[in-house]
Amino acid sequence: MGEVSVSYQLVGNPAGQPVVLLHGLGDSGPGWMPVLAELATTFQVFVLDLRGHGNSSRPGTYSFELMRDDVLGFLDAVGLTRAALVGHSMGAVVGMLVAQAAPDRVTQLVLEDATVPRPGDLYRPPRAAPDEPTPFDFAVVNALRAQLTDPDPAWWEGTDMVKTPTLIVDGASSDDRQALLAATAARMPNARMVTITAGHHVHRDQPARFLAAVEPFLRQGSTTSL
Numbered sequence: 173m174g175e176v177s178v179s180y181q182l183v184g185n186p187a188g189q190p191v192v193l194l195h196g197l198g199d200s201g202p203g204w205m206p207v208l209a210e211l212a213t214t215f216q217v218f219v220l221d222l223r224g225h226g227n228s229s230r231p232g233t234y235s236f237e238l239m240r241d242d243v244l245g246f247l248d249a250v251g252l253t254r255a256a257l258v259g260h261s262m263g264a265v266v267g268m269l270v271a272q273a274a275p276d277r278v279t280q281l282v283l284e285d286a287t288v289p290r291p292g293d294l295y296r297p298p299r300a301a302p303d304e305p306t307p308f309d310f311a312v313v314n315a316l317r318a319q320l321t322d323p324d325p326a327w328w329e330g331t332d333m334v335k336t337p338t339l340i341v342d343g344a345s346s347d348d349r350q351a352l353l354a355a356t357a358a359r360m361p362n363a364r365m366v367t368i369t370a371g372h373h374v375h376r377d378q379p380a381r382f383l384a385a386v387e388p389f390l391r392q393g394s395t396t397s398l
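The sequence shown begins at 173 in the numbering used here and counts up by one.
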């Protein structure tokens, strides 16, 4: 398989701490618009389109591990030794896997309403392709749903080894999800959870409250990460 091209937008303060935004399934970089302008006043923000989404490659092969490797390859390509990662949903799982694989590359980690799945917790049967074309490669959906149903046990087992300062933003979208996020925070040595009643898309539904939680957390690392 050939190389995968990852599309991105760079905005913000060139001297600011680098922050990489990782969107959710079926979304793309522009989905961060409700919070992007505010983040860009302080930080150097890299807004990625993960494989199969937005303007990035659609190779037809998808997994959380491949997306993790794409992010690490992106950091290398743009010369970022270390960066904060802010991930929503699918992007949160990817961010956690990056922190597990390369803890020295991640200054801080924000997980928005998602974390790595525990074996046996989720059942996500395949979905039929919609009649209308989707703005992303629909093959991503069932590839990732299969991994959520039958995840690598090492993902969950590895959460207690992630010492990266972590903020888990719980949108109170479901009791089961809230319990999983709380369990993640309890396992991680340097994590805390904040609950913002907003549903699954916290940064879209409650942008001001999301920023009020995330900005101070990211600023804590601005003096040590460059």
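For each residue, glycine too, the CB sits at the ideal point set by N, CA and C. On a predicted model such as this, the values are computed, not experimentally measured, just so you know.
Among the candidates R359, Y295, D285, whose CA atom is the shortest distance from the CA of I340?
Scanning R359, Y295, D285 for the CA closest to the CA of I340 turns up D285.
Start and end residues, beta strand (DSSP E) containing H260:
Where H260 is concerned, the enclosing beta strand (DSSP E) stretches over 255-260.
If you run the structure through DSSP and keep just helix, strand and coil, what is V266?
Collapsing the DSSP output to three states places V266 in a helix.
Determine the closest residue to Q181 out of V266, R376, N227, with distance taken between C-alpha atoms.
Among V266, R376, N227, the Cα nearest to that of Q181 belongs to N227.
Return helix, strand or coil for V341, following the three-state DSSP convention.
If DSSP states are grouped into helix, strand and coil, V341 belongs with the strands.
Residue from P337, V217, V250, P323 with nearest C-alpha to P275:
Looking from the CA of P275, the closest CA among P337, V217, V250, P323 belongs to P337.
DSSP-derived helix/strand/coil call for F389:
Of the three classes helix, strand and coil, the one that applies to F389 here is helix, per DSSP.
Let me know the secondary structure DSSP gives F246 once reduced to three states.
In the structure shown, F246 sits in a helix (DSSP, three-state: H, G or I).
For E304, the three-state DSSP class (helix, strand or coil):
In the structure shown, E304 falls within a coil segment according to DSSP collapsed to helix, strand and coil.
Could you tell me the distance, in whole angstroms, from the CA atom of V270 to the CA atom of A300?
Annotation: V270 to A300 spans about 30 Å, alpha carbon to alpha carbon.
Can the beta-carbon of G203 be found less than 9 Å from the beta-carbon of S179?
No, the Cβ-Cβ distance between G203 and S179 is not below 9 Å.
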